[in-house]
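Before any comments, here is the structure.
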Amino acid sequence: MAVSPQITNIVVVLFVMQVSKKIDFNDPTILLSVRALYLISNLIIAGLYLYVQSVINKKNDLTTLEYVEPAAPGSGESAKPVSTTFKGYDLQQLRSLFKGQLMGVGMMAVMHFYFKYTNPLLIQSILPLKSAFESNLVKIHIFGQPAAGDLKRPWKAGGGLMGALAGGQGPTTDKKSLEEAQKNYRGGAKEE
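Everything in the sequence shown is counted per the working numbering, starting at 99 for the first residue and increasing by one.
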């Protein structure tokens, strides 16, 4: 039985919080070391994502992928049919990972330099790195796991708040849903 990444994240956070209580962040040498750890962690993640991008481009998997992207909750929009390739889908998912990482760095910069919080630097040096290595793209393109089961594209939205708001619904690939979405979707309607 595999342990859920959310459970391991909680264990890591609790452990790092206990460790960070014993660290003297007022010591400039220690503070500089923690900042360096955070920077190195983010450079490793960026390097990993760039390597994944090169592997995706090298594979150039043009297998067609059609799915229905559910509408955002409360948007009043209809589900959107999507037709892409495995390469296009993977690159789109990679852009989302890059964007999320940049947002995290931005928020951490504000918390650290403006609000003077130092403890989150330690936690944010470990959790994003752990999440990067647990991402579906890394599992498939770096660790060579087959794209089957939970790794079959399209992937359901991750856990957390956004996954809960989406009601746990992810993209669907069945023929009936695709036909219905193509018939009802207005964003891609062509004028005749």
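Quick reminder that beta carbons are idealized off the backbone N, C-alpha and C, glycines included.
- Fully enclosed beta strand (DSSP E) runs of no fewer than 3 residues occupy 162-167 and 178-183 of the segment 151-201, in order along the chain.
- If you look at T216, you'll find it isn't in any alpha helix (DSSP H); DSSP assigns it neither H nor E.
- Proximity to Q190 across V150, P103 and R133 peaks at V150, based on C-alpha coordinates.
- The shortest C-alpha to C-alpha distance from A144 to any of D272, L249 and A230 is the one to A230.
- In this structure the segment 276-284 does not lie against the segment 198-212, because fewer than three pairs of beta carbons, one per stretch, are closer than 8 Å.
- In the three-state DSSP reduction, T106 falls in the helix class (H, G or I).
- Between P226 and the set F241, A246 and K197, the nearest pair of CA atoms involves K197.
- The DSSP-derived three-state label of T270 is strand.
- Ranking S181, A245 and I154 by CA distance to the CA of V166 puts S181 first.
- With a beta-carbon spacing of about 48 Å, F123 and T270 fall beyond the 8 Å limit used to define contacts.
- An exposed status is given to I108, since fewer than 16 other beta-carbon atoms sit within 10 Å of its beta-carbon.
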